Structure formats: structure tokens, C-alpha cells
Amino acid sequence: MQDFDFVAIGDITTDAFIKLSDAHLHKNDREAERELCIRYGDKVPYDEVTLVPAVGNSPNASVAAAKLGLKSALVASIGDDDFGREDLEALEKAGVATDFVVKQAGKTSNYHFVLWFHADRTILIRHEAFDYSLPDIGEPKWIYLSSAGEHSLPFHTEVADWLDAHPDVKLGFQPGTFQMQAGVEKLSRLYKRSDIFFCNTDEARRILGSDEQKGDELARMMHEIGPKITVITDGPKGAYAYDGSDAFFMPTYPDPAPPYERTGAGDAFSSTVACAVALGLPLTEALRWGPINSAFVVQKIGAQAGLLSREELLSKLEQAPEDYHPIKLN
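Taking my numbering, the leading residue of the sequence shown gets 403, the next gets one more, and so forth.
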């Protein structure tokens with residue numbers, strides 16, 4: 403068995419992007435929340451539908467790693483159906499090893515509906531109740547754990563046990579919806595074991611049960627739960643990081659054009675920063691890599707089409723403005 407540089411663990415899905423024009427946004431009483439509104443009980447036309455296979459937080463990370471030159475693999479389950487076969491083909495085409503992708507008889511491959519309105523989206527998700535188990539993944543340098551279904555809680559204990567038995571393996575953790583719903587206490591071993599942790603500001607407040615608005619304070623508070631490095635993204639405003647001694651703000655990379663479709667921007671940032679750290683770069687340089695992939699992912703439909711190769715990313719880095727660097731905060 404070959405040893406991989408980067409093994410991503412988490413659910414895989416097909417995204418059906420349904421582009422809408424006949425809709426509108428409604429601002430909720432809570433200022434930060436908006437609602438996507440369409441007419442109830444009517445036939446609502448859509449502009450187009452685009453199917454994107456082999457996506458999800460962890461598959462997106464595995465593809466980013468492969469594009470950046472790491473030997474990458476994915477641990478996931480698929481159903482014995484056409485969507486599962488298309489997932490495998492897409493991963494292999496992207497250079498991601500599928501040794502640990504398990505086909506489960508009688509199960510249906512995950513399929514999500516993405517309601518795409520203007521440049522943003524609302525995703526209707528459903529995770530199949532797969533039988534989660536960790537295969538023999540050898541001795542990778544890094545594993546990257548992200549979104550898994552609501553039935554996967556015992557699996558996280560298995561992953562934590564495996565990490566205890568392999569102390570030299572580094573862990574990147576980007577919790578998904580159901581992992582955040584499980585709460586910090588149930589996944590405390592993984593939070594404490596994380597070498598680098600990612601979420602956005604809204605997710606950080608949800609995880610912490612806090613109303614804190616400052617990104618750098620959220621990064622510090624998240625660090626207290628256990629991760630060695632915490633990285634908190636704040637959409638088009640930038641990102642914050644804390645390594646236990648210093649806090650940083652990382653501005654965004656200039657958009658090459660107005661965003662076309664924002665799905666995967668956060669995944670691109672997080673996985674690219676993790677890959678840069680896995681390649682041996684210091685955090686301050688890794689933070690400069692992440693926004694570049696985000697800026698180009700939002701130029702395409704889906705979370706992977708815009709991901710850059712290492713050569714392309716370094717070329718964009720050379721073209722960055724002089725002030726494109728992390729700002730150390732007090």
C-alpha cells in the first residue's frame with residue numbers, strides 16, 4: 403500500500419445546480435439572515451440545471467490537494483448506482499485515488515439540490531445512512547476530516563482512536579452540518595487533536611454558542627477548545643487565524659471578475675491553506691494561498707472546476723498586490 407500525503411474523509415455527493423431567476427430575497431428579522439422566496443403552490447420556471455459529481459467538503463479538499471501536487475485519496479461511501487459510478491470517474495479524472503471509496507449495496511449515492519440565485523445558493527441536503535467504517539489507509543502524512551451524515555457519530559470515535567494510534571499523522575478538521583450539530587463535547591477528542599481547524603464566522607458562533615462578532619476573538623475562543631491552529635473565514639471580508647500566540651487577518655485576493663457562483667469558496671480556501679501547511683509552508687504563507695483558489699472557484703459552477711494547479715496558483719501569487727499578506731493583530 404502506498405502512503406498518501408493527504409487523505410480526506412467525508413461524504414461525497416452529486417450537486418444539481420438549479421439556476422433561478424423567478425425568485426426574490428427577503429430579509430429576516432435577524433439582520434444577518436435572508437430567505438430565498440419562490441411562489442408557493444405554483445409552477446416556478448428555472449433557467450438551467452447543471453449536474454456536478456464527486457463534490458462535498460472532503461471530495462473538494464481531495465481534488466484541491468491533487469491539483470496542488472499532493473498524493474491525495476478520499477475515504478467515502480457511494481451507492482451501487484449511476485451517480486456513484488460518476489463520482490468515481492470524476493475523482494479518478496481529477497487525480498484522486500479511489501482505493502478507499504466503498505460501494506455499498508442497497509444504498510443510494512448522495513444527491514443534493516442547489517438553488518442557485520444570483521451569485522449565491524441555498525443547498526437542500528440529505529445524507530444517506532451509510533455504514534461508516536475506516537479502511538486501512540496506511541500511514542498518510544495528513545488526514546482531512548469534514549462533512550459526514552447524522553448517523554456517523556460512532557465513526558468519529560473510530561477516527562479518534564485511529565489518530566491516537568498514529569500520533570505522527572496530522573489532522574485538519576472542517577466540521578460539516580451534522581458534526582456541528584453533534585456539539586463540541588461529543589467530538590472533543592477530534593477538536594483537541596486537530597492541528598488545523600476551519601469554519602466560518604457563523605459556524606464558529608454556532609459551535610461556541612457565542613454572539614461574539616470579531617473574527618479574531620472567535621479564532622482565539624475556538625483555540626481554547628483544543629485545535630493548535632484555528633482559521634475562521636468571513637466570506638468576502640477575509641479570514642482570521644490564531645496559532646496560540648499570534649492572531650492574523652488575511653484579506654481576500656482581488657476577484658478576476660465578479661463572482662459567478664459562490665459554492666465551494668470556503669472549501670477552496672480551507673483545503674488550500676491545509677495543503678500549503680502540508681507542503682511545509684508556515685501559516686503566514688499558507689494563508690496567502692487560500693484566497694487565491696477561492697477567487698477562482700467562484701468564477702465557475704461548482705466547487706472544483708475553478709481550482710488551480712500549484713503552478714497556476716504561484717503565478718497568481720506573483721501577481722498579487724503589495725498589500726496582499728496577513729496582517730498581525732494585537
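Ideal placement from N, C-alpha and C gives every residue a C-beta, glycine not left out.
Only a predicted model underlies this, so the values are computations on that prediction, with no experimental measurement involved.
Going straight from the alpha carbon of Met652 to that of Tyr642, what length do you get? Straight-line Cα distance between these residues: approximately 6 Å.
Please identify the residue among Gln583, Arg622, Ile627 and Gly617 whose C-alpha is closest to the C-alpha of Ser734. This structure gives no information on residue 734, because the portion of the chain shown stretches from 403 to 732.
Starting from Ala456, trace the beta strand (DSSP E) both ways and give me its first and last residue. Glu450 to Val457 is the extent of the beta strand (DSSP E) around Ala456.
Which whole runs of the beta strand (DSSP E) in the region 404-435 are 3 residues long or more, in chain order? DSSP runs (the beta strand (DSSP E)) wholly in the region 404-435: 408-411, 415-422 and 426-429.
My guess is that Phe419 and Val451 are in contact by the Cβ rule of under 8 Å, so how many angstroms apart are they, rounded? The beta-carbon separation of Phe419 and Val451, rounded to 7 Å, stays under the 8 Å limit for a contact.
Just checking: is the beta-carbon of Asp648 within a distance shorter than 8 Å of some beta-carbon in chain D? The structure shown has no chain D; it contains just one protein chain.
Beta-carbon proximity of Leu589 to His568, cut-off 8 Å: For Leu589 and His568, no; Cβs fall outside 8 Å.
Roughly how many angstroms lie between the CA atoms of Arg608 and Met582, to the nearest whole one? In a straight line, the C-alpha of Arg608 is about 8 Å away from that of Met582.
What does DSSP give as the partner residues of Gly481 in its beta bridges? Beta-bridge analysis with DSSP links Gly481 to Gln506.
Going straight from the alpha carbon of Ile694 to that of Tyr655, what length do you get? Each residue's Cα considered, the two are about 6 Å apart.
What's the gap between the Cα of Pro728 and the Cα of Cys677? Those two C-alpha atoms are separated by around 18 Å.
Which full runs of the beta strand (DSSP E) of 3+ residues lie inside the region 495-554, going along the chain? DSSP runs (the beta strand (DSSP E)) wholly in the region 495-554: 499-506, 512-519, 522-526 and 544-547.
Report the start-end ranges of each beta strand (DSSP E) in the region 553-577 that is 3 residues or longer and not cut off at the edges. List check, beta strand (DSSP E) in window: 572-575.
Burial state of Lys742, where buried means 16 or more other Cβ atoms lie within 10 Å: This structure cannot settle anything about residue 742, because the visible part of the chain is limited to 403 through 732.
So does the region 475-489 actually touch the region 507-514, counting three or more Cβ pairs closer than 8 Å? Enough Cβ pairs lie closer than 8 Å, so yes.
Are Gln544 and Val571 closer than 8 Å when you measure CB to CB? Correcting the residue identity first, residue 544 is Trp in this sequence and not Gln. Going by C-beta atoms, Trp544 is nearer than 8 Å to Val571.
Does the pairing of the region 654-668 with the region 690-704 give three or more beta-carbon distances under 8 Å? These segments touch.
Could you give the distance in angstroms between the alpha-carbon of Thr674 and the alpha-carbon of Trp691? Taking the CA atoms as reference points, Thr674 sits about 6 Å from Trp691.
Using a Cβ-Cβ cutoff of less than 7 Å, which residues in the same chain neighbour Glu605 once the five nearest sequence positions on both sides are dropped? Closer than 7 Å at the Cβ level, and outside the excluded window around Glu605, lie Met582.
Considering only C-alpha positions, which residue in the set Cys439, Asn462 and Thr415 is nearest to Ser672? It is Asn462.
Hey, out of Thr686, Thr415 and Leu719, whose CA is closest to Val516's CA? Looking at the Cα atoms, Thr415 is the closest of the given residues.
Spatial neighbours of Lys505 in its chain, beta-carbon cut-off 8 Å, leaving aside the 5 residues before and after: Here the set comprises Ser479, Ile480, Gly481, Asp482 and Gly486.
Give the range of the beta strand (DSSP E) segment to which Tyr642 is assigned. Annotation for Tyr642: the continuous beta strand (DSSP E) segment containing it runs Ala641 to Tyr644.
DSSP state of Leu490, grouped into three classes? The answer is helix: DSSP assigns Leu490 an H, G or I state.
Any alpha helix (DSSP H) of 4 or more consecutive residues that is wholly inside the region 591-672: Listed in chain order, they are 603-610 and 617-627.
Which listed residue (Ile539, Phe650, Val586 and Ala492) has its alpha carbon closest to that of Asp407: Among Ile539, Phe650, Val586 and Ala492, the Cα nearest to that of Asp407 belongs to Ile539.
Residues bridged to Cys439 [DSSP beta-bridge criterion]: Within the DSSP bridge table, the entry for Cys439 names His426 as partners.
Report all residues from its chain with a CB closer than 7 Å to the CB of Ala659; omit the five preceding and five following residues, and keep chain order. Non-local beta-carbon contacts of Ala659 in its own chain, meaning distances under 7 Å to residues more than five positions away in sequence, involve Gln701 in chain order.
Which class does Ile694 belong to by DSSP, given the choice of helix, strand or coil? Secondary structure of Ile694 (DSSP, three-state): helix.
Enumerate in chain order the residues of its own chain whose CB-to-CB distance from Ala550 is below 6 Å, with the five nearest sequence positions on each side excluded. Same-chain partners within the cutoff: Gly412 and Asp413.
Alpha carbons only, please: which of Gln706, Glu713 and Leu719 is nearest the one belonging to Asn459? Closest option to Asn459, Cα to Cα, is Gln706.
For Ser736, the residue or residues it bridges with in DSSP: Not covered by the structure: residue 736. The range shown for the chain is 403 to 732.
Helix, strand or coil for Lys730, going by three-state DSSP, please let me know. Of the three classes helix, strand and coil, the one that applies to Lys730 here is strand, per DSSP.
Do Asn602 and Gly668 have their C-beta atoms within less than 8 Å of each other? Inclusion of Asn602 and Gly668 in the CB contact set at 8 Å is warranted, their separation being smaller than that value.
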